[in-house]
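Chains as they are written, first to last, in our numbering: chain A, 1 to 488; chain B, 489 to 565.
C-beta atoms are modelled at their ideal positions from N, C-alpha and C, and glycine is treated no differently.
Quick caveat, the model's predicted, so the values are computed rather than measured.
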Amino acid sequence: MIFDVILNTLRTEGASAAYTQDDGQTFSYNELYKFVCNIYGYLLSKKTDGNVIVYGHKEVYMKACMLACSFAGITYIPVDSSTPEERVSDIINQAEPSLIFGDIETTFCKTVSSDEINRIMNRPVQTEINEISLKPDDICYMIFTSGSTGQPKGVKVTYSNLDSCIKWVKEITGSKKEVILNQANFSFDLSVADFYLSLVTGSEHFIIGDISGFDFSSIFRRLEKSGATIAVFTPSFADLLMLDRSFSAELLPKLHTILFCGEKLSTKTVQKLFRRFPDLKIINSYGPTECTFAVTSVLLTKDSVLEENISIGSPKKDVEIIICDENLSPLPDGETGEIMIAGASVADGYLNNYGRKAFIEYDGRKAYLTGDLAYRQKGLLYYKSRKDNQIKYKGYRIELTDIESNLLKIDSVEEACVVAKRNKNGDVTGIFGFVKIKENCSTDVQSIEKELSSKLPLYMCPKVRIINDIPLTANGKRDVKKLSEEYI
Amino acid sequence: MKEKILDIIEEISGIENLRERESIDLLDHEVFDSLALVMFLNTLEDEFDIEIYPTQIDPSTWRDIDKITELVESLME
């Protein structure tokens, strides 16, 4: 299984580059192996078990700690440092970790600061990794996603889920020894593909750091220097890079493949990419975190861009996709229904059995009801929309009711209704939170937005609008259409 | 010009009454995130028939409405 391959990579790739950070610092496989061994030794010496949170932002210690946990048979939970404090507390309370790696202040369990981790990593190696304690059905990692009740929910991904995923990603990308660009932080499951693909192929994992200042000149210098051959991107990120016409084969002459996942890929994005990179292999893929990164893929050709709706492809071999009606009966080709995923990629459910209805048994196998609507035509799947209040925004999956619940936690807020703004293609371009303020309370938009940003990640924070009353339809339901038309 | 640019930013970002606080830092106040910046620059290019090369622009431009206005005016000359 893949951790046997990864262990072999760590031991044999020697001085080859394993991990290159934004500041240009590169760590070889020799160094990464040393770091992993030392963290592994630390975990064993402390008799650590259960769940371990790995907190930070793409530092090399995150990669070392996550791998060490797996070799030691411990479930890791990656949490990016951009996550607001309250959200981190929710995750800690739910996951009940036995240890936290990273700079979090908590009394819940022992924490190991980043300085201390670096000291441990750089000791002379005392404990080599001689066995892989993780078993196929063990939970390898948990990633927390937006939950409809206002609490994040942890998806339990097993070692065999991950094994199946990474073997498939290697196959569809045709990866050998590559330089693989990373866009996503490690608590976003898009990163699972580049994180592990680099390890099973002995490739360099090249981290694109903070882009929030939009210093394109600096970002492009780093990209050029990377010599990247494969990129794992959300379509939004490719759109951002393509704002500058120099994002082309001249800048990245060795780039042969982009693997897209996380949100709907538009015809316009693909057309532009083919113009800038005429020989590029563009792969579109689809899948929820609950099914381990992705379960369908399609290699796009220049003919694909003639279609209005880009396909999400066909399923990997060990997974079946059923387009079903409300009674879970399969629908014929061309008819739109819910995507049900059955087979090897389906995760082991949510932590604490949250949302049990989505994970079901179908035809004797584990299955997951995605809430995504799609249809099948000539063997290919086409995504249509969601059947509920969940949206995709900047590649992140967000439950609008999660935002509403958090707005309602603010003392001055009496009612809240969150609405997604969409463009003519139906893509979400903004989120608006309409709030009714309690009588005798004095507050303003800025105060509410500030308080909400302490509860939710930035990508989930809506633009707040204070209104006198949330409008209702004749049936007494909240009139989302009216809110959209009148206020957005 | 500046008025038109303010209209575009308000429309794209969903921020109200930007005119009342037009000296704010557009990035620190989260007026632009990556998605909004893509929409904004594409709209500027279409609206004013200009070509923007972000790699050739001082990144502090994205923070300041006046600097953005100067940029658009210079590209239209």
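Is the beta carbon of residue i less than 9 Å from the beta carbon of residue j?
| i | j | result |
| --- | --- | --- |
| A/Leu-243 | B/Val-526 | yes |
| A/Leu-280 | A/Thr-257 | yes |
| A/Lys-477 | A/Tyr-383 | no |
| A/Asp-318 | A/Ser-345 | yes |
| A/Asp-23 | A/His-57 | no |
| A/Tyr-40 | A/Ser-114 | no |
| A/Tyr-286 | A/Leu-369 | no |
| A/Thr-158 | A/Cys-140 | yes |
| A/Gly-337 | A/Ala-374 | yes |
| A/Pro-97 | A/Pro-457 | no |
| A/Ile-74 | A/Thr-48 | yes |
| A/Lys-463 | B/Ile-553 | no |
| A/Cys-65 | A/Ile-92 | no |
| B/Ile-545 | B/Leu-559 | yes |
| A/Glu-399 | A/Gly-147 | yes |
Using the beta-carbon of each residue, which ones in chain A are nearer than 9 Å to residue i?
| i | result |
| --- | --- |
| B/Val-526 | Ser-236, Asp-239, Leu-240, Met-242, Leu-243 |
| B/Ser-522 | Ile-211, Ser-212, Phe-214, Ser-236, Phe-237, Asp-239, Leu-240, Lys-394 |
| B/Leu-494 | By Cβ distance, chain A contributes nothing, its closest Cβ being about 16 Å from B/Leu-494, past 9 Å. |
Does residue i come within less than 9 Å of chain D when only Cβ atoms are used?
| i | result |
| --- | --- |
| B/Glu-558 | Of the chains in the structure shown, none is chain D; the protein chains are A and B. |
Looking at the C-beta of residue i, does it have a partner C-beta in chain A at a distance below 9 Å?
| i | result |
| --- | --- |
| B/Leu-515 | yes |
| B/Ile-540 | yes |
Mind checking whether the beta-carbon of residue i lies closer than 8 Å to any heavy atom of the ligand ADP?
| i | result |
| --- | --- |
| B/Asp-513 | Although the ligand ADP was asked about, the structure shown includes no ligands whatsoever. |
Of the residues the options, which one's Cα is nearest the Cα of residue i?
| i | options | result |
| --- | --- | --- |
| A/Ser-89 | A/Lys-392, A/Lys-482, A/Lys-455, A/Ile-323 | A/Lys-455 |
| A/Leu-407 | A/Lys-135, A/Leu-190, A/Val-435 | A/Val-435 |
| A/Gly-14 | A/Ile-6, A/Tyr-33, A/Asp-22 | A/Tyr-33 |
| A/Ile-143 | A/Gln-94, A/Ile-129, A/Glu-307, A/Lys-481 | A/Gln-94 |
| A/Asn-30 | A/Gln-151, A/Asn-122, A/Asn-440 | A/Asn-122 |
| A/Asp-443 | A/Lys-366, A/Ile-410, A/Ile-470, A/Glu-128 | The identity of residue 443 of chain A in the sequence shown is Thr, whereas the question assumes Asp. Checking every option, the nearest Cα to that of A/Thr-443 belongs to A/Ile-410. |
| B/Ala-524 | A/Pro-97, A/Glu-485, A/Tyr-459 | A/Tyr-459 |
| A/Lys-268 | A/Ser-236, A/Gly-262, A/Ala-249 | A/Ser-236 |
| A/Gly-379 | A/Lys-438, A/Val-419, A/Ser-311, A/Glu-404 | A/Ser-311 |
| B/Glu-561 | B/His-517, B/Arg-551, B/Glu-539 | B/Glu-539 |
| A/Asn-353 | A/Tyr-141, A/Ile-120, A/Tyr-55, A/Lys-153 | A/Lys-153 |
| A/Asn-425 | A/Glu-308, A/Thr-473, A/Lys-438 | A/Glu-308 |
| B/Lys-492 | B/Glu-565, B/Asp-516, B/Asp-552, B/Thr-557 | B/Thr-557 |
| A/Phe-206 | A/Cys-441, A/Ser-28, A/Asp-215 | A/Ser-28 |
| A/Thr-145 | A/Leu-241, A/Val-418, A/Phe-3, A/Arg-87 | A/Arg-87 |
| A/Gln-21 | A/Ala-416, A/Asn-423, A/Glu-204, A/Ile-437 | A/Glu-204 |
| A/Lys-394 | A/Thr-201, A/Gln-446, A/Gln-183 | A/Gln-183 |
| A/Ile-321 | A/Ile-360, A/Val-295, A/Val-305 | A/Val-295 |
| A/Val-5 | A/Thr-201, A/Asn-185, A/Val-270, A/Ile-120 | A/Thr-201 |
Could you work out which residues of chain B lie near residue i, taking near to mean beta carbons separated by less than 9 Å?
| i | result |
| --- | --- |
| A/Leu-499 | Since the displayed chain A opens at 1 and closes at 488, residue 499 of chain A lies outside it and no answer follows. |
| A/Gly-430 | Ile-500, Ser-501, Gly-502, Leu-523, Ala-524 |
Could you tell me whether any Cβ in chain B is nearer than 9 Å to the Cβ of residue i?
| i | result |
| --- | --- |
| A/Arg-386 | no |
| A/Val-418 | no |
| A/Val-445 | yes |
| A/Ile-501 | Residue 501 of chain A lies beyond the residue range present for chain A, which begins at 1 and ends at 488; the question has no answer from this structure. |
| A/Ile-398 | no |
| A/Ile-488 | yes |
List the residues of chain A whose Cβ lies closer than 7 Å to the Cβ of residue i, in chain order.
| i | result |
| --- | --- |
| B/Thr-543 | Phe-216, Ser-217, Phe-220, Asp-244, Ser-246 |
| B/Leu-529 | Leu-243 |
Identify the contact partners of residue i in chain B, using a Cβ-Cβ distance below 8 Å as the criterion.
| i | result |
| --- | --- |
| A/Lys-436 | Those do not exist, as A/Lys-436 stays about 17 Å from chain B at its closest Cβ, beyond 8 Å. |
| A/Lys-421 | Gly-502 |
At a CB distance below 9 Å, what residues from the segment 108-127 of chain A approach chain B? Give them in sequence order. none
Please identify, using Cβ separations under 9 Å, the residues of the segment 458-486 of chain A that lie next to chain B, in order along the chain. Leu-458, Tyr-459, Cys-461, Pro-462, Lys-463, Arg-465
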